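Mapping of the sequence shown onto our numbering: residues 89 to 408, in sequence order.
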Amino acid sequence: MAPLHIAAFHGELSCFKALAEKGADMTTINTKGQEPIHLAVMRNHPEIVKYMFEKSVNLESQCFQGKQPLHYAAQHGSLESLIVLVERNCDIDIGDNSGCVPAHLASKSDKIDCLRFLVKQGCTLDMTQGEGKTFAHLAAQNGSTKCLHWLLEKGVNPNAADGYGNTVGHCAAEKGHAECFNCYVQHNGSLSVLNEKNETPIQSGRRHGAPVRLEKAAKGELQCSQCIAKNKRLDWEFAHRPSAVEAGIIQTGQIAYTNPVSTKKSQKTRKLEPPLPNSAKGRASQASNVSNLFLTQNYMPVRDITTKFYGQHLDSYTNK
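Next comes the structure, spelled out in structure tokens:
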């Protein structure tokens with residue numbers, strides 16, 4: 089391991105710069121094929137990543153496992169470094185040697201913030217790796233309860249099969265992850281679906297030595313902590329829901345205090361408002377014109393300062 093690796097790993101930017109300015113190679117690799125940038129994102133040192141980008145270092149270099157810095161950032165939960173890499177146009181859909189994209193590794197390691205960020209950036213939830221496993225399969229297989237619960241809440245199919253016919257339930261059962269298995273059950277996971285070995289999820293778990301915990305999870309005696317938290321939140325919201333009167337007040341407030349955006353038509357309407365004429369006939373005609381202006385849908389009363397701070401005035405609704 090070169091001195092640059094050590095400086096990058098510990099986030100010593102000043103030392104890293106000094107070594108680089110003295111001619112140290114910023115692309116040197118260790119025994120795993122990792123460059124300093126891999127170690128920097130592994131320990132979440134975005135300032136070093138930015139410096140290396142300024143020096144035109146390749147941000148998509150691969151180690152011997154085919155992992156790019158994005159993979160390491162997602163796997164280790166280095167959200168700030170992940171954001172820096174994505175902002176510099178690194179590909180979020182690139183796979184490593186096993187076909188895992190960064191979001192697969194985030195799911196596997198239960199790094200929920202990184203997973204959410206990658207999905208927000210456009211990573212699709214049903215992407216598969218080399219064995220046909222989705223993010224949810226890997227989350228269940230590795231006991232990543234937070235990521236699995238979030239994925240199932242987003243609408244991921246719990247009964248989707250990987251390359252071996254295993255559902256999310258099979259993956260959780262094989263490793264004895266009872267919380268993940270209960271989360272699978274609570275999100276309409278099937279207990280009767282068969283994989284290529286003609287085993288149900290519980291049979292698969294029994295063969296791998298975890299029958300008791302899985303049966304408790306299937307019956308709800310052992311529950312997913314994320315599902316418990318969700319149910320508590322829903323119970324609280326139901327118990328503290330507004331009354332009919334409160335709901336009416338809230339709805340009225342949302343309507344009455346919208347902040348209007350002045351349109352060209354409304355601005356034109358104001359400019360066209362003529363001065364009061366001298367003749368009685370003119371006054372009658374003018375009154376009719378003003379009345380029509382109040383009935384115009386885009387008319388906004390001249391209360392600019394009040395509207396700015398308190399929302400559109402009620403007169404603009406009562407006079408429509």
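A virtual CB, placed ideally from N, CA and C, is assigned to each residue, including glycine.
On a predicted model such as this, the values are computed, not experimentally measured, just so you know.
For residue j and residue i, the rounded distance between their alpha carbons
{"i": "H93", "j": "Q150", "result": "15 Å"}
{"i": "T116", "j": "M130", "result": "16 Å"}
{"i": "E148", "j": "Y139", "result": "15 Å"}
{"i": "V137", "j": "L226", "result": "28 Å"}
{"i": "I180", "j": "T340", "result": "44 Å"}
{"i": "A332", "j": "E241", "result": "29 Å"}
{"i": "A112", "j": "Q156", "result": "21 Å"}
{"i": "P299", "j": "V273", "result": "15 Å"}
{"i": "A372", "j": "E334", "result": "Only weak support exists for where A372 lies, its pLDDT of 49 falling under 50; the value from the coordinates is given anyway. A372 and E334: Cα-Cα distance of roughly 44 Å."}
{"i": "S103", "j": "M89", "result": "Contrary to the premise, residue 103 reads as Cys rather than Ser in this sequence. So the alpha carbons of these two residues sit roughly 15 Å apart."}
{"i": "L203", "j": "C178", "result": "16 Å"}
{"i": "I337", "j": "F326", "result": "18 Å"}
{"i": "L193", "j": "G297", "result": "26 Å"}
{"i": "V189", "j": "A249", "result": "19 Å"}
{"i": "Q122", "j": "K307", "result": "46 Å"}
CB contact flag (residue i, residue j, <7 Å)
{"i": "N319", "j": "N283", "result": "no"}
{"i": "E219", "j": "G264", "result": "no"}
{"i": "D198", "j": "H159", "result": "no"}
{"i": "G165", "j": "H133", "result": "no"}
{"i": "E135", "j": "L101", "result": "yes"}
{"i": "A266", "j": "R321", "result": "no"}
{"i": "L213", "j": "V244", "result": "yes"}
{"i": "I200", "j": "K221", "result": "no"}
{"i": "C271", "j": "C315", "result": "yes"}
{"i": "A224", "j": "V256", "result": "yes"}
Residue i (DSSP reduced to helix, strand or coil)
{"i": "T233", "result": "helix"}
{"i": "A108", "result": "helix"}
{"i": "Y252", "result": "coil"}
{"i": "N177", "result": "coil"}
{"i": "V244", "result": "coil"}
{"i": "D323", "result": "helix"}
{"i": "R358", "result": "Residue confidence is low: R358 scores 48 on pLDDT, short of 50, so the model does not pin down where it sits. Its coordinate-derived value is still stated next. In the structure shown, R358 sits in a helix (DSSP, three-state: H, G or I)."}
{"i": "T340", "result": "helix"}
{"i": "V281", "result": "coil"}
{"i": "D198", "result": "coil"}
{"i": "V273", "result": "helix"}
{"i": "M130", "result": "helix"}
{"i": "K418", "result": "Given that the chain is displayed from residue 89 to residue 408, the structure contains no residue 418 and the question cannot be resolved."}
{"i": "F223", "result": "helix"}
{"i": "M215", "result": "coil"}
{"i": "G308", "result": "coil"}
Buried or exposed (CB count within 10 angstroms, at least 16 for buried), residue i
{"i": "P289", "result": "buried"}
{"i": "N230", "result": "buried"}
{"i": "Q342", "result": "exposed"}
{"i": "I125", "result": "buried"}
{"i": "Q163", "result": "buried"}
{"i": "W238", "result": "buried"}
{"i": "S313", "result": "exposed"}
Any non-hydrogen atom of the ligand PLP within 6 Å of residue i CB
{"i": "G277", "result": "This structure does not include the ligand PLP; it has no bound ligands of any sort."}
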